[in-house]
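Under this note's numbering, the final residue of the sequence shown carries the number 239; numbering is consecutive throughout. Heads up, the beta-carbon is just placed ideally off N, CA and C, and yes, glycines get one too. These notes concern the structure reproduced below.
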Amino acid sequence: MIRRVFIALAFCLATLPAQADDVVIFAASSLKTALDEVTRGLPVRISYGGSGLLARQIMQGAPADIFFSANAVWMDAAQDAGAIRPESRVELLSNALVIVGHEAVPFEEMLASDGRVATGLIASVPVGIYAKAYLERAGHWDAIAPRLVETDSARAALALAARGEVPFAVVYASDAAAEPAVHVIHALLELPDLPIRYPVALTASAKPEAGAVMEALQSDTARAVYAAHEFGVP
Numbered sequence: 006m007i008r009r010v011f012i013a014l015a016f017c018l019a020t021l022p023a024q025a026d027d028v029v030i031f032a033a034s035s036l037k038t039a040l041d042e043v044t045r046g047l048p049v050r051i052s053y054g055g056s057g058l059l060a061r062q063i064m065q066g067a068p069a070d071i072f073f074s075a076n077a078v079w080m081d082a083a084q085d086a087g088a089i090r091p092e093s094r095v096e097l098l099s100n101a102l103v104i105v106g107h108e109a110v111p112f113e114e115m116l117a118s119d120g121r122v123a124t125g126l127i128a129s130v131p132v133g134i135y136a137k138a139y140l141e142r143a144g145h146w147d148a149i150a151p152r153l154v155e156t157d158s159a160r161a162a163l164a165l166a167a168r169g170e171v172p173f174a175v176v177y178a179s180d181a182a183a184e185p186a187v188h189v190i191h192a193l194l195e196l197p198d199l200p201i202r203y204p205v206a207l208t209a210s211a212k213p214e215a216g217a218v219m220e221a222l223q224s225d226t227a228r229a230v231y232a233a234h235e236f237g238v239p
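Spelled out as structure tokens, the structure:
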């Protein structure tokens, strides 16, 4: 299955109307709104998805130059596999978790309801991994777990709530800020031992042009864009 996904991705990248020397970025879906703005006018192609899937594709040789992950675990996996350049790795952004609703309702009402709650796959997608840990620590997991709808990315979970296909979702604060069709119901407190961080690194096979793009992603101008989209910028 993963091989078929990899082949499909490679085909899609190959058919995009761009130059062969464009820098290819594999990025967590939660970065889309901000990263599209940051890279506007740059010679890049961006493939968005769940960090776990993207990491596995990079480790299998997918044609990526930069990996921008929504958590350290998948960046660590890529690093351990020799798929990224460790010296280029930077912890660039932070985020927060919120519970959103298609309708604005009190948090207590949301907890007591039987409405379904979307988030990422709790075993592999960063937003889902964070959601389970944060909800467990806050004492809300037992009330929400039976109603959980797991998706392959943070943006997929957000879209379900935005369209009203589920009444609630656990997503990043940056996602909630990007989607006017949802309302923030509750903000989950950050866990000091499991902070939400976004590392970025060059892949082992990155072309020379990727270095300049990495610098652009970390520029003061880029940091201002990230902050405007509700990302934390250390």
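The three-state secondary structure of Phe-112, taken from DSSP, is helix. Collapsing the DSSP output to three states places Ser-93 in a helix. A distance below 8 Å separates the beta carbons of Val-28 and Glu-214.
In the three-state scheme derived from DSSP, where H, G and I count as helix and E and B as strand, Pro-204 is classed as strand. As a beta-bridge residue in DSSP terms, Val-49 pairs with Val-28. Leu-194 counts as exposed, since fewer than 16 other beta carbons sit within 10 angstroms of its beta carbon.
Counting C-beta pairs closer than 8 Å gives fewer than three between the segment 82 to 92 and the segment 171 to 183, which falls short of the contact rule. Contact between Ala-206 and Ser-93 holds, since their C-beta atoms are separated by about 5 Å, short of 8 Å. For the pair Met-115 and Phe-236, the Cα-to-Cα distance works out to about 26 Å.
Close CB contacts of Ile-190 within its chain, under the 8 Å cut and outside five residues either way in sequence, are with Val-103, Ile-104, Val-105, Gly-106, Ala-109, Val-110, Pro-111, Phe-112, Met-115, Phe-173 (chain order). When only Cα atoms are considered, Glu-96 and Phe-73 end up about 10 Å apart. Spanning the alpha carbons of Ile-127 and Ala-232 requires a straight line of approximately 27 Å.
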